[in-house]
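In my numbering, the protein residues as written are 8 to 270. Structure first, then comments.
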Ligand code: ADP
Ligand code: MG
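Here you go:
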């Protein structure tokens, strides 16, 4: 049986070998988040009151029909867009009242993005693509390159450091995008349909990589997906419908928890 989520979960500390169970702080706290677009003179209410807390170290799948508002919500969480009303706190900071410069600083410091289409720069090789967010931040090349190599190794691309995107498979390109998302060591990674463009075997490998990053680094991951097998393998799955949270389900170890284990 799955159970609805209401309060802060008790979870194992992300530090390997630490047996204690701790109450995590919310890294995303959305209260009555609304977003409207004015399109050809008509107001379109896309997010219609989202209430959701996501806690540090969680891995959460977001599902829902096309047009439900998944990408819009993810863009708001990623500070790429701003809600029309409501409260949205990222890492404890209220983003609805922040200036563009402070939003950008928060985004650079705390958030990594992985999109369906990886948006790698075609004229740069894998190492350079991974280094790019750090170069933009003015981090010196030497340490950044060391870090990019280590991250590419971590995502299984040790043999592809110098390949350009056009010389990599779709799955490999998405691994580079994931290494790039990790380069500034964000607390939160947001992925929008990251495997929407990949075959099922490659998707499965990318999913395993998400779990590996979550477990080894304690990074919080929010993954919008159409892939129900992936969503159902996650410990928490949130369903959006018509701009609201329709369901919020938690599973033990990504599998439906036995009834006896429910509180
Ligand atoms: P999902 O990711 O769940 O498929 P989206 O969040 O992309 O849905 O879009 C939800 C709705 O909002 C869609 O009907 C879409 O057309 C509309 N929408 C999204 N972005 C804009 C925009 N910038 N201007 C006008 N309408 C938009
Ligand atoms: Mg979308």
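Where a beta carbon is used, it is the ideal one built from N, C-alpha and C, also for glycine.
Notebook entry, point to check: Which full runs of the alpha helix (DSSP H) of 4+ residues lie inside the segment 57-93, going along the chain?
Noted result: Here the runs fully enclosed are 77-84.
Notebook entry, point to check: Can the beta-carbon of residue 168 be found less than 8 Å from the beta-carbon of residue 156?
Noted result: yes
Check: For the candidate residues 40, 200, 75 and 210, whose alpha-carbon lies nearest to that of residue 176?
Finding: 210
Check: What span of residues does the beta strand (DSSP E) with residue 121 cover, start to end?
Finding: 118-122
Notebook entry, point to check: Can you find at least 3 beta carbon pairs, one from the segment 57-76 and one from the segment 113-124, that sit closer than 8 Å?
Noted result: no
Check: Do the segment 108-117 and the segment 78-91 make contact, defined as three or more Cβ pairs closer than 8 Å?
Finding: yes
Margin query: Taking the beta carbon of residue 181 as the centre, do at least 16 other beta carbons fall within 10 Å, making it buried, or is it exposed?
Written below: buried
Item checked: Unbroken stretches of the alpha helix (DSSP H), 4 residues or longer, contained in the segment 220-263 -> 235-239
Notebook entry, point to check: Out of curiosity, what's the CA-to-CA distance linking residue 16 and residue 69?
Noted result: Caution is warranted here: a pLDDT of 48 is assigned to residue 16, below 50, making its placement in the model unreliable, and the coordinate value is therefore given only provisionally. So the alpha carbons of these two residues sit roughly 18 Å apart.
Next item on the list: Following the continuous beta strand (DSSP E) through residue 40, name the residue where it begins and the one where it ends.
Entry: 33-46
Notebook entry, point to check: Would you say residue 77 touches the ligand MG, meaning its beta carbon is less than 7 Å from a heavy atom?
Noted result: Yes, the Cβ of residue 77 comes within 7 Å of a heavy atom of the ligand MG.
Note to self: Taking its Cβ as the centre, do 16 or more other Cβ atoms sit within 10 Å of residue 165, making it buried, or is it exposed?
What the structure shows: exposed
Next item on the list: Take the Cβ of residue 65 as the centre, count every other Cβ of all protein chains shown within 10 Å, and call the residue buried at 16 or more, exposed below.
Entry: Buried, since its Cβ has 16 or more Cβ neighbours within 10 Å.
Checklist line | Sufficient close CB pairs (3 or more, under 8 Å) joining the segment 128-136 to the segment 97-104 | finding: Counting Cβ pairs under 8 Å, fewer than three are found: no touch.
Checklist line | residue 219 versus residue 91 - alpha carbon distance | finding: 35 Å
Notebook entry, point to check: Quick one: what's residue 96 bridged to in DSSP?
Noted result: Answer is 36 and 101, bridged to residue 96.
Next item on the list: For residue 50, collect the residues of the same chain with a Cβ closer than 7 Å to its Cβ; drop the 5 residues on either side in sequence, then sort them by chain order.
Entry: 43
Item checked: Residues near residue 223 by beta carbon distance below 7 Å, same chain, minus five either side -> If the five residues before and after residue 223 are omitted, its C-beta is found closer than 7 Å to no C-beta atom of its own chain.
Margin query: Out of 239, 203 and 36, which one is the CA nearest neighbour of residue 100?
Written below: 36
Notebook entry, point to check: Which whole-angstrom value describes the C-beta separation of residue 198 and residue 228, a residue pair presumed to lie in contact below a C-beta threshold of 8 Å?
Noted result: Residue 198 to residue 228, Cβ: 7 Å. Contact.
Note to self: What does DSSP give as the partner residue(s) for residue 196 in the beta ladder?
What the structure shows: 119 and 228
Next item on the list: Tell me whether residue 176 counts as near the ligand ADP, meaning its Cβ is closer than 7 Å to at least one heavy atom of that ligand.
Entry: no
Next item on the list: Look at the Cβ atom of residue 205, then the Cβ atom of residue 196, and state whether they are nearer than 8 Å.
Entry: No; because the gap between Cβ atoms is not below 8 Å, this pair is not in contact.
Note to self: In whole angstroms, give me the CA-to-CA distance for residue 119 and residue 71.
What the structure shows: Between residue 119 and residue 71, the alpha-carbon positions lie close to 22 Å from each other.
Margin query: Beta-carbon within less than 7 Å of residue 192's beta-carbon, same chain only, minus the 5 sequence neighbours each way: which residues are those?
Written below: Correct list: empty, nothing qualifies.
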